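Here's the structure we're looking at; comments come further down.
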Amino acid sequence: MKNVSLTIDGKNVQAEEGTTVIQAAQQAGITIPNLCHDDRFEPYGACRFCMVEIEKNGRKKLVASCCYPVEEGLVVDTKTEKVENIRKMLIELLLAVSPSGSHTELAKEYGIKESRFKLESSPETPCDLCGLCVRYCTEIKKKNAVCFVGRGVDRTVALVPVASDGCSSCRECFDVCDAGKMVYLVEMLQEISCPPLKSKFYQNL
Amino acid sequence: MKKLQSTSDMEKLRKELLQKKDSSKSCISICSGTGCHAYGCEKVVSAFEEELKKQKLKCKVEIKRTGCHGFCEKGPIVVIYPEEICYLQVKIEDVTDIVSQTIKAGKIIDRLLYTDLKTGKKVVHESEIPFYKNQTRLIFGNNRKIESKNIGDYIALDGYNALVKALSERTPEKVLEEIKKANLRGRGGGGFPAGIKWESVRNALGEPKYVIVNCDEGDPGAYMDRSLMEGNPHSVIEGLIIGAYAIGSHEGYIYVRQEYPLAVENTELAIKQAEEYGLLGKDILGSGFDFTIKIHRGAGAFVSGESSALMSAIEGKVGEPRPKYIHTSEKGLWDKPTCLNNVETWANVPFIINKGADWFRNMGTDNSKGTKIFSLVGNVNNTGLVEVPMGITLREIIYDIGGGIPNGKKFKAVQTGGPSGGCIPESQLDLPVDFDELNKVGSMMGSGGMIVMDEDTCMVDIARYFVKFLSQESCGKCTPCREGLRHMLRILDDITSGKATEEDIKRLEELSEVVKEASLCALGQTAPNPVLSTLKYFRDEYEAHLQGECPAKACKELIQYYIDPEKCKGCGLCLKKCPVGAISGEKKGVHTIDVEKCIKCGACFEVCNLDAVSKISSKERK
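Sequence lines, in order, name chains A and B.
Residues 1 to 205 in our numbering are what the first sequence lists, from first letter to last.
Residues 1001 to 1622 in our numbering are what the second sequence lists, from first letter to last.
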């Protein structure tokens, strides 16, 4: 593989062609905040915390560094006012969903104590919908037992009852969850231990 | 049907079809698009069939079920050829008259003709109706001339001639050059030059290469692609085959949404017919070029219209967008080079090949060539599908073609580009419609939705409506779109119910910018457009809501219904209509509304013939 050289936060960085900006930054000791990145999985680009500003052919652009491939001569700035504002807004949005979860660490880092947005009234879940558990089960275990259901604000992580055979003995998705083994996983655990027959549909089968 | 083996076979077939055509024979063509279906055109067709049998005219008159004519407001539409007599809103009861008077005696039935809104004169011929007269019907024109389910009709009208031309006279490179020269831009909304996209797919490494038709039109009120796919599926298929030939692809997909059953049916049939005729499959017309098409039925998510989400859906995965820093032209469907274009874009291709890039470039503005189909809906007299050359002004579309605003109301704004387009005010009505100009004023071309709004529309409420639609249709994958739209909607809810402050508007603006800049796909990136554009042009309306006032008197929470005692004659109509018994009054005495009971449904307002019921601001409560 060919190496390319790029500049991240003023630092000259060498990276292998085909890697992403976030990987190149990590190798150079530069941390870009994120909730959904994991080198083991395909680039996903969901949390948007890793947005950085790049300069290419004299034009500036915002990109998700976990998906953007490194290019020769690319100039990357990971901490411009624009990207920091985006991150702060994302923290506020997630704090409104839940005052716990892995985004709280970022909130501390950015000195944000509370959100200007109305707090959700629904039961608190620390899940940021980063999809690490879903992708682990799909891409690594190839079981597709953990998945997303619902669209938009109704999106949530669920177990596919039919596919969850052998699920209760695996539980490896617990370890990938950054939100910690809290309320949310306990809920999942309950689902696993009293599996598929929750809904009437399956009972009637 | 014996497969056509060569391009000369095709020419022979076309000649035969034309010779068979008896031009002296009358033809009753009945619009069978989805709009006219809803009006009951199938029953009208059956009535015609029966009546022709009864009057022993069956072998002298032909009946054609055509595609959508576009003037959907006035359906079912019946046109009688060769005279081109156009009857609108035809009912079963009119059928006997039409057959005995028009078909038999050549007399025109006045009551079924179009009445010019300005002059009050009757118009006989379809093409002379102002709605049609002011359009340039290039792509959409054949819809009304051919029977949607009959490939012969399409071929007789020079259909598949462009394919013959491309396969027999041109190399793939030459076809590509022609499309590039024509500067055909993507009609799905992005406006990306199709020729450049084709070229990058052609040059991309990896086999096989795929071509896709995007017919996942999901904008509220828009149905251009549906009508084209239903009415003239062969024009899209022909464009796709030519594109595949230029790109070097042998496999194509047509992604049609499941909610378009007639489009699915007609497309399936069209593919089958094209296969039978040897226009799809191996060695097309003896050229050595192979190409097949499969249909994929979408499962009804708006976001699946986004190219990468659409490809995920075809792969059998959830229709969710993925990052496109590596373009789909390099890594698309199953990670192979893929060219996806919208229905209308593909339908443009045969015209460009037939008539040449120079002819195409004669229409339109500097950077937007050709025509564009819009679905003109909302508070406008002539609702329907219109095709106009690029560069026409919004005013011409709304007033000359659309016939202006009904009921003497004043124009307020026009929303272009679907739910994530922007609202354009009256001061910008002379704007030439093209990709770049619409972007400049904070809206976009989109796939061609055009919603006209009159003075009774509240712009904050409209922004709220679109944000609500988008928040329900967001896939929920990325944080800014999922969470951002949720809170944008909440703030807009607060504003329309008079609970917001100046601080909320600031927060809304700030949030809109982040959703626009940080979202993963175009759905989120454009979702704040309705908010940002209404804030730009109608900020005063937002501010009025902060004071508890809805200037258009549309936001329920900020108005109440009131009966003017001077005007009320005590007819009791409103009392009868009120579903909650909030109205009281003696017969012939003044009636009053109990505001505590009133649910603000507006039934009394609609039913009063004396204009005695009015909407007043809750603040001026009487």
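Using N, Cα and C, we set each Cβ at its ideal position, and we do this for glycine too.
What you are looking at is a predicted structure, and each value in this text was computed from that prediction instead of being measured.
Taking 8 Å as the threshold (beta carbon to beta carbon), is residue i in contact with chain A?
i, result
"T1479(B)", "yes"
"A1518(B)", "yes"
"G1476(B)", "yes"
"V1531(B)", "no"
"I1451(B)", "no"
"P1337(B)", "no"
"I1314(B)", "no"
"L1511(B)", "yes"
"V1467(B)", "no"
"Y1325(B)", "yes"
"V1514(B)", "yes"
"R1490(B)", "yes"
"A1301(B)", "yes"
Between residue i and chain B, is any beta-carbon pair separated by less than 8 Å?
i, result
"V183(A)", "Since pLDDT at V183(A) reaches only 44, below the 50 mark, its modelled position is unreliable, and the value read off the structure follows with that caveat. False, the Cβ-Cβ gap to chain B never drops below 8 Å."
"A96(A)", "yes"
"I22(A)", "no"
"P33(A)", "no"
"P43(A)", "yes"
"P126(A)", "no"
"M51(A)", "yes"
"C67(A)", "yes"
Among the residues of its own chain, which have a CB less than 6 Å from the CB of residue i, if the five just before and after it don't count?
i, result
"L1573(B)", "V1607"
"M182(A)", "Confidence at M182(A) is low in this model, with a pLDDT of 40, below 50, so the placement of that residue is unreliable and no value is reported for it."
"S1307(B)", "T1328, L1340"
"D1225(B)", "C1215, E1217, V1343"
"V75(A)", "T7, E55"
Find the residues of chain A that neighbour residue i, judging by a C-beta separation of less than 9 Å, and give them in chain order.
i, result
"I1505(B)", "Going along chain A, no residue has its Cβ under 9 Å from I1505(B), so there is no contact; the nearest lies around 13 Å."
"G1484(B)", "M89, L90, L93"
"Q1547(B)", "Here the premise fails: no neighbours, minimum Cβ distance about 22 Å."
Can you name the residues of chain B whose CB is closer than 8 Å to the CB of residue i?
i, result
"L62(A)", "E1517, A1518"
"D73(A)", "The amino acid occupying residue 73(A) in the given sequence is Gly; Asp does not appear at that position. Neighbours of G73(A) on chain B: none; closest Cβ ~16 Å, over 8 Å."
"A46(A)", "K1477, C1478, T1479, L1520"
"G150(A)", "G1476"
What residues from chain B crowd round residue i, counting only those whose CB sits closer than 9 Å?
i, result
"R135(A)", "Under the 9 Å cutoff, chain B gives no residues; its nearest Cβ is about 12 Å from R135(A)."
So which residues on chain B does residue i lean against when the C-beta distance must stay under 7 Å?
i, result
"V153(A)", "S1471, G1476, R1482, R1486"
"F117(A)", "H1487"
"I86(A)", "V1514, E1517, A1518"
List, in order along the chain, the chain A residues whose C-beta lies closer than 7 Å to that of residue i?
i, result
"A1263(B)", "Correct list: empty, because the minimum Cβ distance to chain A is about 23 Å."
Taking 7 Å as the limit between beta carbons, can you name the residues of its chain near residue i, skipping five residues before and five after?
i, result
"I1108(B)", "I1085, T1102, V1124"
"K1536(B)", "G1442"
"K200(A)", "Bear in mind that a pLDDT of 39 at K200(A), under 50, signals an unreliable position, so the number given afterwards is only what the model happens to contain. Nothing meets the Cβ criterion."
"K1556(B)", "K1600"
By Cβ distance, which residues of its chain are closer than 8 Å to residue i, with the 5 residues on each side in sequence left out?
i, result
"S1443(B)", "Q1415, T1416, G1417, G1421, G1422, C1423, I1424, N1529, S1533"
"P33(A)", "F49, C50, R87, L106, E109"
"V1590(B)", "I1563, P1565, C1568, G1570"
"D1303(B)", "The residue you asked about is not Asp; residue 1303(B) is Val in the sequence shown. Contacts found: A1309, G1319, E1320, P1321, E1473, S1474, C1475, C1521, L1523."
Starting from the N-terminal side, write out each stretch of the beta strand (DSSP E) that is 3 residues or longer and does not extend beyond the segment 13-63 of chain A. 51-56
Is it the case that the segment 111-131 of chain A contacts the segment 1452-1461 of chain B, given that we only count it when at least three CB pairs across the two stretches are under 8 Å? no
Is it true that the segment 1420-1428 of chain B meets the segment 1525-1541 of chain B, where meeting means three or more beta-carbon pairs spaced less than 8 Å apart? yes
Using 8 Å as the cut-off, can you tell me whether the segment 1021-1031 of chain B makes contact with the segment 1061-1072 of chain B, which would need three or more C-beta pairs spanning the two stretches below that distance? In the pairwise beta carbon analysis, the segment 1021-1031 of chain B is classified as touching the segment 1061-1072 of chain B: at least three pairs are separated by under 8 Å.
Evaluate the contact criterion for the segment 64-76 of chain A versus the segment 1491-1503 of chain B: three or more CB pairs, one atom per stretch, below 8 Å. no
List in chain order: all unbroken beta strand (DSSP E) runs of 3+ residues lying wholly within the segment 1395-1483 of chain B. 1411-1416, 1423-1425, 1449-1454
Along the chain, which unbroken stretches of the alpha helix (DSSP H) at least 4 residues long are found entirely within the segment 1218-1301 of chain B? 1224-1231, 1233-1247, 1261-1276
Decide if the segment 1433-1453 of chain B is in contact with the segment 1162-1180 of chain B; the criterion is three or more beta carbon pairs, one per stretch, under 8 Å apart. no
Sufficient close CB pairs (3 or more, under 8 Å) joining the segment 1388-1405 of chain B to the segment 1346-1361 of chain B: Contact between the segment 1388-1405 of chain B and the segment 1346-1361 of chain B is absent, because fewer than three Cβ pairs lie under 8 Å.
Report yes or no: do the segment 135-144 of chain A and the segment 169-178 of chain A share at least 3 C-beta pairs separated by less than 8 Å? yes
Any contact between the segment 1306-1321 of chain B and the segment 1127-1136 of chain B? By contact I mean 3 or more CB pairs, one from each, below 8 Å. no
Of all the alpha helix (DSSP H) runs that stay within the bounds of the segment 1497-1522 of chain B, which reach a length of 4 or more residues? 1502-1518
May I have a chain-ordered list of the alpha helix (DSSP H) segments no shorter than 4 residues that lie completely inside the segment 1317-1372 of chain B? Complete alpha helix (DSSP H) runs here, min 4: 1343-1355, 1357-1361.
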